[in-house]
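J.: Numbering (this note's numbering), first residue to last: 3 to 281.
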C-alpha cells in the first residue's frame, strides 16, 4: 500500500497541472483582444483575464513586455486588479516608462500588490516624479500598502507645491496613523489650500485627536465656511464641553453650513438645541 502512494500523488498532481496549462492557454487567447479596435471587445477580454487570476499573469507579462504604450497601460490595470506579486518586476519596469499615463497605471498597480518592499520605489515616485498625477498615484499606493514606513515620505509630500498632491498625501495618512502623522495633520490645518485644511479637520475628528481641540477652535475662524463646518463637527466628536462657547460664537456669527454644523455639535456636546434669537 505504501508503494502506491507516490503514484496516487502523481495522479492527483497531473489534473492540477493540466488545469493550470488550460487556464494559461485561455489567457493567451484573450490577450490579443486587448488591442482590438472595439472597446467592448477590449473590456470583455480584460475582465476575462482578471477572472483567470494568477494563470493570466505570465502570459500577459510575456505579451506586454516590449509592447505598445496602450498595451502596457491596460496590462498594468489588469495586473493590478489581479494583485499577484509575480507581476511586481514587470510593474517596476513599466513604471519607468516615458509615457506618464503608462507610468501612472503601473504605480497604481504597485499599490495593489500587497508587497511592502514597494514602499521605497513608490516613495521615490512621490518625491521625484515630475508629473503631479503620478505623485498623487504614488501617495495613494503607499496608503494601500498599509506600511507605516511610508509615513515620513507622505509627511514630506505635504510640502509639495501642487495642492492635489498634498491633499492625497494627507488623506493617505488616514490609514497610517502614528504620532508623526498626527502632528503633520495638525500642521495641515494651516495649509494655504482650503481642501487640505478641510481634510485635516475631518481626520482629526475621525481619530478623536484630543490634542486637536485648540487648533480646531482656531479653525472655527477659518476663511472657508467648509473648513469652519468640518472643524465644528470634529469638535463635537471630541466631546470636550470646554469648546461650547467657541461653537456658540460660530452659531451666532454665521448662517451657512458652518452654522448648521455648530448647532449639531452643540447638541452633541450638551444635549440641547441651540437657536439664535434675533433682537
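Don't be surprised by glycine CBs; every beta carbon is placed ideally from N, CA and C.
(1) Does any C-beta atom of chain D lie closer than 9 Å to the C-beta of residue 35?
(2) Let me know the alpha helix (DSSP H) ranges lying completely inside the region 155-223, each 4 residues or longer, listed in chain order.
(3) To which residues of the same chain is residue 105 closer than 6 Å at the C-beta, ignoring the five residues directly before and after it?
(4) Near residue 248, what residues of its chain come up, given a Cβ to Cβ distance below 8 Å and the 5 sequence neighbours on each side ignored?
(5) Going by DSSP in three states, residue 32 sits in which element: helix, strand or coil?
(6) For the alpha helix (DSSP H) containing residue 227, list its first residue and its last residue.
(7) For a quick check, are the C-beta atoms of residue 187 and residue 178 less than 9 Å apart?
(8) Short of 6 Å in beta carbon distance, which residues of its chain neighbour residue 47, apart from the five on each side in sequence? Order them along the chain.
(9) Tell me the residue span of the alpha helix (DSSP H) that contains residue 70.
(10) Would you say residue 161 and residue 115 are within 9 Å of each other, going by their C-beta atoms?
(11) For residue 4 and residue 30, what's the separation of their Cα atoms in angstroms?
(12) Excluding the five sequence neighbours on either side, which residues of its own chain have a C-beta within less than 7 Å of the C-beta of residue 234, listed in chain order?
(13) Once the 5 residues before and after residue 203 are set aside, which same chain residues still bring their CB inside 7 Å of it?
(14) What did DSSP end up calling residue 266 once you bin it into helix, strand or coil?
(15) Would you give the residue range spanned by the alpha helix (DSSP H) that residue 55 belongs to?
(16) Just mark residue 14 as buried or exposed, buried being the case when its beta carbon has 16 or more other beta carbons within 10 Å.
(17) Residue 122 by DSSP, collapsed to three states: which one?
(18) In this structure, how does DSSP classify residue 99 when only helix, strand and coil are distinguished?
(19) Could you say which of 91, 209 and 170 lies nearest to residue 112 if we only look at CA atoms?
(20) Straight-line CA distance for residue 255 to residue 276?
T.: Answer, in terms of the structure:
(1) Of the protein chains in this structure there is only one, and it is not chain D.
(2) 165-175, 181-190, 196-208 and 215-221
(3) Within the chain shown, residue 105 is the residue found at index 103, counting from 1. Closer than 6 Å at Cβ, skipping near neighbours: 97, 99 and 136.
(4) Taking the first residue of the chain shown as 1, we reach residue 248 at position 246. Excluding sequence neighbours, residue 248 sits near 219, 222 and 237.
(5) Position 30 of the chain shown, counted from the start, is the residue given in the question as residue 32. Helix.
(6) Within the chain shown, the letter at position 225 stands for residue 227. Counting along the chain, the alpha helix (DSSP H) containing residue 227 begins and ends at 227-240.
(7) Locating residue 187 in the chain shown gives position 185, counting from the first residue. Locating residue 178 in the chain shown gives position 176, counting from the first residue. No, these two residues do not count as a Cβ contact at 9 Å.
(8) Walking along the chain shown from the start, residue 47 turns up at place 45. Within the same chain, residue 47 has close Cβ partners 32, 35 and 36.
(9) Locating residue 70 in the chain shown gives position 68, where the first residue counts as 1. No alpha helix (DSSP H) holds residue 70; DSSP gives it neither H nor E.
(10) Along the chain shown, read from residue 1 onward, the residue named residue 161 stands at position 159. Along the chain shown, read from residue 1 onward, the residue named residue 115 stands at position 113. No, Cβ-Cβ distance for residue 161 and residue 115 is not below 9 Å.
(11) If you number the chain shown from 1, residue 4 lands on position 2. If you number the chain shown from 1, residue 30 lands on position 28. The predicted position of residue 4 is uncertain, since its pLDDT is 49 and thus under 50; a value taken from the coordinates is nonetheless stated next. If I take the Cα positions, the gap works out to 40 Å.
(12) As a first step, residue 234 must be located in the chain shown, where it is residue number 232. Around residue 234: 222, 249, 252, 260, 263, 264 and 267.
(13) Residue 203 sits at position 201 when you count from the first residue of the chain shown. If we look at residue 203 and ignore the five residues flanking it on each side, its Cβ neighbours are 191, 218, 221, 229, 232, 233 and 236.
(14) Here residue 266 refers to the residue found at position 264 when the chain shown is read from its first residue. Reduced to three states, the DSSP call for residue 266 is helix.
(15) Counting from 1 along the chain shown, the entry for residue 55 is found at position 53. Careful: residue 55 lies outside any alpha helix (DSSP H) and carries neither H nor E.
(16) The residue labelled residue 14 in the question sits at position 12 within the chain shown. Any reading at residue 14 is ruled out, since the residue's pLDDT is 49, under 50, leaving its predicted position unreliable.
(17) Walking along the chain shown from the start, residue 122 turns up at place 120. Of the three classes helix, strand and coil, the one that applies to residue 122 here is helix, per DSSP.
(18) Within the chain shown, the letter at position 97 stands for residue 99. Reduced to three states, the DSSP call for residue 99 is coil.
(19) Translated into the one-based positions of the chain shown, residue 112 becomes position 110. Ranking 91, 209 and 170 by Cα distance to residue 112 puts 91 first.
(20) Here residue 255 refers to the residue found at position 253 of the chain shown. Here residue 276 refers to the residue found at position 274 of the chain shown. Rounded to whole angstroms, residue 255 to residue 276 spans 13 Å at the Cα level.
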